[in-house]
Amino acid sequence: MTEKLLPGVTGVLALADGTVLQGLGCGAVGSALGEVVFNTAMTGYQEILTDPSYMSQILAFTFPHVGNTGVNVEDVEQIGGGAETAARGAIFRDLPTDPANWRSDSDFDGWMKRRGVVGLAGVDTRALTARIRDSGAPHAVIAHDPEGRFDLDALTARAKAWSGLVGLDLAKDATTLQSFDWDEGLWDWPEGYPRVDASDRSVVVVDYGVKRNILRALASTGAKITVVPATTTAEEILARNPDGVVLSNGPGDPAATGEYAVPEIRKLVDSGKPMFGICLGHQMLALALGARTVKMDQGHHGANHPVKDLTTGKVEIVSMNHGFTVDRDSLPEAVVETHVSLFDGTNCGIALKDRPVFSVQHHPEASPGPTDSLYLFQRFADSMKR
Numbered sequence: 001m002t003e004k005l006l007p008g009v010t011g012v013l014a015l016a017d018g019t020v021l022q023g024l025g026c027g028a029v030g031s032a033l034g035e036v037v038f039n040t041a042m043t044g045y046q047e048i049l050t051d052p053s054y055m056s057q058i059l060a061f062t063f064p065h066v067g068n069t070g071v072n073v074e075d076v077e078q079i080g081g082g083a084e085t086a087a088r089g090a091i092f093r094d095l096p097t098d099p100a101n102w103r104s105d106s107d108f109d110g111w112m113k114r115r116g117v118v119g120l121a122g123v124d125t126r127a128l129t130a131r132i133r134d135s136g137a138p139h140a141v142i143a144h145d146p147e148g149r150f151d152l153d154a155l156t157a158r159a160k161a162w163s164g165l166v167g168l169d170l171a172k173d174a175t176t177l178q179s180f181d182w183d184e185g186l187w188d189w190p191e192g193y194p195r196v197d198a199s200d201r202s203v204v205v206v207d208y209g210v211k212r213n214i215l216r217a218l219a220s221t222g223a224k225i226t227v228v229p230a231t232t233t234a235e236e237i238l239a240r241n242p243d244g245v246v247l248s249n250g251p252g253d254p255a256a257t258g259e260y261a262v263p264e265i266r267k268l269v270d271s272g273k274p275m276f277g278i279c280l281g282h283q284m285l286a287l288a289l290g291a292r293t294v295k296m297d298q299g300h301h302g303a304n305h306p307v308k309d310l311t312t313g314k315v316e317i318v319s320m321n322h323g324f325t326v327d328r329d330s331l332p333e334a335v336v337e338t339h340v341s342l343f344d345g346t347n348c349g350i351a352l353k354d355r356p357v358f359s360v361q362h363h364p365e366a367s368p369g370p371t372d373s374l375y376l377f378q379r380f381a382d383s384m385k386r
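Oh and the sequence shown: position 353 is 353 in the UniProt record's numbering, straight run, nothing missing.
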């Protein structure tokens, strides 16, 4: 049906409760289903939309100006895949602007079209953000049709029928299908991303939806990096005799992915190898150590989150992207809380008291600080040296 639509509407967001937001479609033509979350970052829209942790989600950008730095091939965070294994849709206050940046090799809107990201502009993103903060992240369908033809009842029914992220294992779709080595380091202006000569230390990264910059940060410590699929067993990992193991970020419910991952993580912990978990990897490490994870109402998504390192007393500004959290009250006696969010007090880091095993909820490879959290990679490297 179309009688509810305003003149000139080419994009809609149909929420599961029947609310329909109307605007101007951009990016890919079509529709996408997901959980709507807001992101408070002022920059980095390309990295955000290519982060596998956003799989099955629709992003509302709170910053009104998007597109001005264009896009390029270097800043894609995914190892492979498109919108099907990252953000499905994007919502903006204004239409994406033309690029004006020396690193840009394409415009943002055209990139969204090629990638398959459905966009919606002309929306009151402040009102949508307030709604999510008050009522939680809704299920919705975002749709774009240049002719303005939408069956709003069908879109709403589709959103209403979706079960959501709870109980959903998405890491199996975001992970690599085969192992590979990585030797690209962190950005070094003006040369870009350098190749790194590996030392005699080796790290195995279990890929639940890993970001490229995590691999770059690890490689920059001088270690040889090997990435393995999410379903790789502990025996297969230990057979490589790594000096350390990293549990990567990724999408979905950690408890669902943990059904096959947690038993292997426990074996890795028991091996005594240094371990470092990030985001989803942090949550699944916590599950393996005996804690619980819970779904958050709105999650943490942005690049301005203050987190306190309880081991040093320092506060760092970090990048966040998670919809589940570790229940700090469920942490067992053998685990110490190392980081905490200064926004809402939720857990942001843990460590074992008697082994070189630790993890953080935020993304230390990102650069909102801009280098506030890179010390964590060096902390991991030092644990391997010891």
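For each residue, glycine too, the CB sits at the ideal point set by N, CA and C. Since we're looking at a predicted model, the values are computed, not measured.
- In the assembly as shown, SER135 is an exposed residue. Its beta-carbon has fewer than 16 other beta-carbons within 10 Å.
- By alpha-carbon distance to ALA303, the top candidate from THR371, THR325, PHE324 and VAL246 is THR371.
- Between THR19 and THR62 the beta-carbon gap is near 19 Å, outside 8 Å, which marks them as no contact.
- Residue pairing for LEU342: DSSP places it in no beta bridge.
- Residue pairing from DSSP leaves GLY116 without any beta-bridge partner.
- Taking ALA16 as the centre and dropping the five residues before and after it, the same chain places the C-beta of PRO138, HIS139, ALA140, THR156, ALA159, LYS160 and TRP162 closer than 8 Å to its C-beta, in chain order.
- Here PRO52 really is in contact with GLY209; their C-beta atoms are around 3 Å apart, less than 8 Å.
- Per DSSP, MET384 lies in no beta strand (DSSP E) segment; the continuous alpha helix (DSSP H) that holds it begins and ends at 375-385.
- The C-beta separation of VAL340 from LEU376 comes to about 15 Å, leaving the pair out of contact by the 8 Å criterion.
- Straight-line measurement puts the Cα of ARG93 at about 32 Å from the Cα of GLY192.
- Counted as a single uninterrupted DSSP element, the alpha helix (DSSP H) harbouring LEU268 occupies residues 254-271.
- Annotated three-state conformation of PHE38 is strand, per DSSP.
- For GLN178, there is no enclosing beta strand (DSSP E), as DSSP gives it neither H nor E.
- Judged by DSSP in its simplified three-state form, LEU152 adopts helix.
- Within the same chain, Cβ atoms closer than 7 Å to the Cβ of PHE150 are found at THR2, LEU5, VAL12 and ALA143, the five residues on either side in sequence being excluded.
- Within the DSSP bridge table, the entry for PHE61 names ASN39 as partners.
- Shortest Cα-Cα distance from GLY164 to any of VAL228, ASP253 and LEU218 involves ASP253.
- In this structure, DSSP gives ASP297 an extended state, which the three-state scheme calls strand.
- Straight across, the Cα-Cα distance linking GLU264 with SER271 is about 11 Å.
- When DSSP states are grouped into helix, strand and coil, PHE276 belongs to the strand group.
- Between the alpha carbons of LEU374 and ASN249 lies a distance of about 16 Å.
- Cβ-Cβ distances below 7 Å link THR232 to VAL206 in the same chain, with the five nearest sequence neighbours on each side left out; the list follows chain order.
- Less than 8 Å divides the Cβ of VAL37 from the Cβ of LEU59.
- For the pair ARG88 and GLY34, the CB atoms are nearer than the 8 Å cut-off.
- Taking all protein chains in view, the Cβ of GLY167 is surrounded by fewer than 16 other Cβ atoms within 10 Å, so the residue is classified as exposed.
- Three or more Cβ pairs drawn from the segment 314-332 and the segment 281-290 lie within less than 8 Å of each other, which places the two stretches in contact.
- Exclusion of the five residues before and after GLY185 leaves PRO194, VAL196, ARG216, ALA219 and SER220 as the residues of its chain whose Cβ lies within less than 6 Å of its Cβ.
- The three-state secondary structure of MET284, taken from DSSP, is helix.
- C-alpha of GLY80 to C-alpha of THR176: approximately 8 Å in a straight line.
- If the five residues before and after LYS267 are omitted, its C-beta is found closer than 6 Å to the C-beta atoms of ALA234, all from its own chain and listed in chain order.
- By the criterion of a C-beta distance shorter than 7 Å, VAL204 is surrounded in its chain by THR226, VAL228, ILE237, ARG240, PRO242 and VAL245, once the five residues flanking it on both sides are discounted.
- Runs of alpha helix (DSSP H) with 4 or more residues, each lying fully within the segment 90-143, are found at 108-115 and 125-135, listed in chain order.
- Inter-residue distance for TRP102 and THR43 is about 16 Å (C-alpha atoms, whole angstroms).
- Shown here for LEU21: same chain residues with a beta carbon closer than 6 Å to its own, the five before and five after excluded, namely LEU13 and VAL123 in chain order.
- Spanning the alpha carbons of GLU84 and ASP173 requires a straight line of approximately 9 Å.
- Taking each of ARG131, ASP181, ILE214 and GLY222 in turn and checking the Cα distance to ARG201, the smallest one comes out for GLY222.
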